[in-house]
Structures are given as structure tokens and as C-alpha cells.
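Each position in the sequence shown, counted from 1, maps to that position plus 235 in this note's numbering. Note that beta-carbon positions come from the ideal geometry of N, C-alpha and C, so glycine has one too. Everything numeric in this text was worked out from a predicted model, so none of it was measured. Worksheet: one structure, shown below.
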Amino acid sequence: ADSKKEHEAMTQSPYGKAVLAVQEILELTQKTKHQYPHFAQHFDSVSTDDMVFLAKNLLEQQAAFLSATSPAFVDIGYHYTNSANLNSIRTNGLMTKNERDSQGVQAHKYNGSSY
Numbered sequence: 236a237d238s239k240k241e242h243e244a245m246t247q248s249p250y251g252k253a254v255l256a257v258q259e260i261l262e263l264t265q266k267t268k269h270q271y272p273h274f275a276q277h278f279d280s281v282s283t284d285d286m287v288f289l290a291k292n293l294l295e296q297q298a299a300f301l302s303a304t305s306p307a308f309v310d311i312g313y314h315y316t317n318s319a320n321l322n323s324i325r326t327n328g329l330m331t332k333n334e335r336d337s338q339g340v341q342a343h344k345y346n347g348s349s350y
């Protein structure tokens, strides 16, 4: 009963919703790695705190758009990068090319387009 009340309380704030969403994403990541072990070495998540921070900010921005009667649909995507870049992303966050250049952060391998 307490866990049900706790879950309900979590759904009442952007931070709580973000935590719940990230928990689901991490569970899905683990299930996918287990289901497709030959791909497991090719993907991983970034810091849980960073994921919660991003999700909370997206939810707050969505609420701001809704209160301004602006379109507020949020489509979540993912970012693929070579696993050699994961430690840098975990340390520095996901950066644009200009941000990397200005802060002297090296990307080991590029994928897709860079702007």
C-alpha cells in the first residue's frame, strides 16, 4: 500500500514523473540488453541524474507551453554515439560541436552529421 501511495505521489510533480520515466527507460535498457546480447556492448545509458534532469526540464517546458496554449507535444528520441565517446559524454554531457571546440573536448569518433 505504501509503495502505491509513493508511486501516486511521484506522478504529481515534474521531478517525480521524471524519476519514474527514467526508471522505466533503465529497465527497458536492461531488458533489451538481455534480449539482444549481441548488441549489449553497443549501447548504454548516461548518468541517471542527467537523465532525470533532462526529463524534468522537458516536462516543465511542456507545462509552460501548455499554459501558454502553445503546442506541447514532446517527442523523445535518443542519441547514438560510438562507445568510445561515452565516458566523455558522462563527464561533460552531450555537447554540440561548437561547445566541444570551445571547451577543448575531443570526440573520438563521429557518427552522422556534425554541425
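Checklist entry - Leaving out five residues before and five after G328 in sequence, what residues of the same chain have Cβ atoms less than 7 Å from its Cβ? => result Correct list, in chain order: D285.
Checklist entry - Taking buried to mean at least 16 other C-beta atoms within 10 Å of its own C-beta, is K291 buried or exposed? => result Burial is judged here by how many other beta carbons sit within 10 angstroms of a residue's own beta carbon; K291 has at least 16 and is buried.
Item to check | Helix, strand or coil at A343 according to DSSP, with G and I counted as helix | outcome: The question names Ala, but residue 343 in the sequence shown is His. Secondary structure at H343: coil, using DSSP grouped into helix, strand and coil.
Next on the checklist: Measuring only the C-alpha atoms, how far is M245 from T264?
Outcome noted: Rounded to the nearest angstrom, the two C-alpha atoms are 22 Å apart.
Checklist entry - Would you call A307 buried or exposed, if buried means 16 or more other Cβ atoms sit within 10 Å of its Cβ? => result Its Cβ having fewer than 16 others within 10 Å, A307 is exposed.
Item to check | Rounded separation between N320 and A299 - CA only | outcome: Annotation: N320 to A299 spans about 33 Å, alpha carbon to alpha carbon.
Next on the checklist: My assumption, with CB atoms under 8 Å, is that L301 sits in contact with P249. Please give the rounded CB distance.
Outcome noted: Between the beta-carbon of L301 and that of P249 there is about 12 Å, and that puts the pair past the 8 Å contact cut.
Checklist entry - In whole angstroms, what separates the C-alpha of H269 from that of I260? => result C-alpha separation (whole angstroms): 14 Å.
Item to check | L329 in three-state terms, based on DSSP | outcome: Three-state DSSP puts L329 in coil, outside helix and strand.
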